[in-house]
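Residue numbers (our numbering): 82 to 509.
Every residue gets a Cβ at the ideal spot worked out from N, C-alpha and C, and that includes glycine.
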């Protein structure tokens, strides 16, 4: 059964995230990457919201600044490169592995105590060199080894059991949960297991952006600010020499940036502006282009924006295309009406009835515009602040109303469905 009410239509429409990046091969649009993105203004208010920015997602390794703050709250003394490595998804370059082993020795942690799964270096070039040298997968080379070393050391310092340091009910993980909830300003929606085995706390993209914002604005000397300062001062240890997080924190003064698996990214600027996004299909090739556009929306001017704006696409060993922002004048899928925005004629339209800035490139599928215009006419409160379009929706205002409670008393008797005569499902 379907519903044709504006609320239900708009709610259903919001379940399909917008296209944030496209794949172009030989001048032909081969595919799209959909996702959700939120941009926060300096005062913490939501400036742009695309897709579902209120529902819980796994931040994956974008959780690591909060995990590093938890080990500091537990009393572990780390600073500089060591603290940056505790919040890292390191590439497995030689200087990363050397410092991890040095940290283990300094903290009194044996390599065998690490519960990271054995892995190759995260950076493909480093993995090739590592294998060529005759090495095999190891716990230290796994990109989360710095975080695990810090977790074990924090447990040892407090007399907490080390063998169960990854259990969700462990004192350290309960402390991490507290940090995540305080920084994000929301309750954790679900606790799962990350690829490294550590508990993984699900929060919304808005909560993730808010958490990064809280770290850069925290008072100097607090665990949160110490983590942010260490990451920004030593970005090579947070990621690697060939990674966007490093490039961004090196080229944009005061920026805090951390990626997560399954195409998650969060960034905060020193004045409190922040963004977070997730690509629905988890394609990491889309993160650079979307991050570049997000930085433009934040007003960042830096060579790093152009550097990450496109991911080359190869054919026969030669560049034949790219993964990047949506563009006009390219053949392929979703052309025509879906590429040609119409003036917004809803109650929130400007005097000129301008084009709704509904995705990060100023376009919106035609059907989506129609549904939102209908909804805006019936529910103007949701659109009263700015021109109509997804950027104006405030969370929850256009969601379907809650279902009515079931009637009291015994349930009605079962009635078999009635099929038309001649239907293969009709009773003989």
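Item: Thinking C-alpha only, which one of 119, 146, 104 is nearest residue 112?; Value: 104
Item: Return the chain-ordered ranges of every alpha helix (DSSP H) run that is complete within the segment 214–253 and spans a minimum of 4 residues.; Value: 226–239
Item: Between which two residues does the alpha helix (DSSP H) holding residue 154 run?; Value: 145–154
Item: On the three-state DSSP scale, how would you describe residue 321?; Value: coil
Item: At which residue ranges does the segment 310–380 contain complete alpha helix (DSSP H) runs of 4 or more residues, listed in the order of the chain?; Value: 316–319, 325–332, 368–378
Item: Excluding five sequence neighbours on each side, which residues of the same chain lie with their C-beta closer than 7 Å to the C-beta of residue 219?; Value: 199
Item: Tell me whether residue 264 sits in a helix, a strand or coil according to DSSP, three-state version.; Value: helix
Item: Which one of 306, 281, 140 has the shortest CA to CA distance from residue 154?; Value: 306
Item: If you draw a straight line from the C-alpha of residue 101 to the C-alpha of residue 324, how long is it?; Value: 21 Å
Item: Leaving out five residues on either side along the sequence, give the residues of the same chain with a beta carbon under 6 Å from the beta carbon of residue 82.; Value: With a pLDDT of only 41 at residue 82, under 50, the local geometry of the prediction cannot be trusted, and the value read off the model is given with reservation. Closer than 6 Å at Cβ, skipping near neighbours: no residue.
Item: What is the rounded straight-line gap between the Cα of residue 264 and the Cα of residue 315?; Value: 22 Å
Item: For residue 361 and residue 243, what's the separation of their Cα atoms in angstroms?; Value: 35 Å
Item: Does DSSP classify residue 295 as helix, strand or coil?; Value: helix
Item: Are there 16 or more other CB atoms within 10 angstroms of the CB of residue 382, so buried, or fewer, so exposed?; Value: exposed
Item: Using DSSP bridges, identify the partner residues of residue 282.; Value: 272
Item: Within its chain, find whatever has a CB closer than 6 Å to the CB of residue 270; leave out the 5 residues flanking it on each side and keep chain order.; Value: 137, 283
Item: By Cβ distance below 7 Å, which residues in the same chain neighbour residue 311 in space, the five residues on each side in sequence not counted?; Value: 160, 161, 164, 165
Item: For residue 231 versus residue 150, is the C-beta spacing smaller than 7 Å?; Value: no
Item: Let me confirm a value: residue 107 is counted as buried when at least 16 other C-beta atoms fall within 10 Å, else exposed. Which label applies?; Value: exposed
Item: Taking the DSSP output, what are the residues bridged to residue 137?; Value: 285
Item: Please classify residue 427: is it buried, with 16 or more other beta-carbons within 10 angstroms of its beta-carbon, or exposed?; Value: The predicted position of residue 427 is uncertain, since its pLDDT is 32 and thus under 50; a value taken from the coordinates is nonetheless stated next. With 16 or more Cβ atoms within 10 Å of its Cβ, residue 427 is classed as buried.
Item: From 252, 119, 171, pick the residue whose C-alpha is nearest to that of residue 322; which is it?; Value: 171
Item: What does the alpha-carbon distance come out to for the pair residue 54 and residue 287?; Value: A query on residue 54 cannot be resolved here, the shown segment of the chain reaching from 82 to 509 and no further.
Item: Using the C-alpha atoms, what's the distance from residue 397 back to residue 145?; Value: 38 Å
Item: If contacts are defined as beta-carbon pairs under 8 Å, then residue 339 and residue 116 qualify, I think. What distance do you get, rounded to the angstrom?; Value: That pair is no contact at about 17 Å.
Item: So, residue 188 versus residue 234, is the Cβ gap smaller than 7 Å?; Value: yes
Item: Who pairs with residue 386 in a beta bridge, going by DSSP?; Value: Per DSSP, none; premise fails for residue 386.
Item: Starting from the Cα of residue 333, find the closest Cα among 143, 252, 350 and give me that residue.; Value: 350
Item: Sorted by chain position, which residues of the same chain lie with C-beta nearer than 6 Å to residue 345's C-beta, five sequence neighbours on each side aside?; Value: 140, 141, 143, 359
Item: Indicate, with yes or no, if the ligand SAH has a heavy atom lying under 6 Å from the CB of residue 288.; Value: Looking for the ligand SAH in the displayed structure turns up nothing, as the structure carries no ligands at all.
Item: Residues in the same chain with beta-carbon distance under 7 Å from residue 388, minus the five sequence neighbours each way, listed in chain order, please.; Value: 328
Item: In this structure, does DSSP put residue 130 in helix, strand or coil?; Value: strand
Item: Look up residue 189 in the DSSP assignment and say whether it is helix, strand or coil.; Value: coil
Item: Tell me residue 117's beta-bridge partners as DSSP assigns them.; Value: 359
Item: Which residues does DSSP list as the beta-bridge partners of residue 100?; Value: 115
Item: Determine the burial state of residue 326: buried for a count of at least 16 other Cβ atoms within 10 Å of its Cβ, exposed for fewer.; Value: buried
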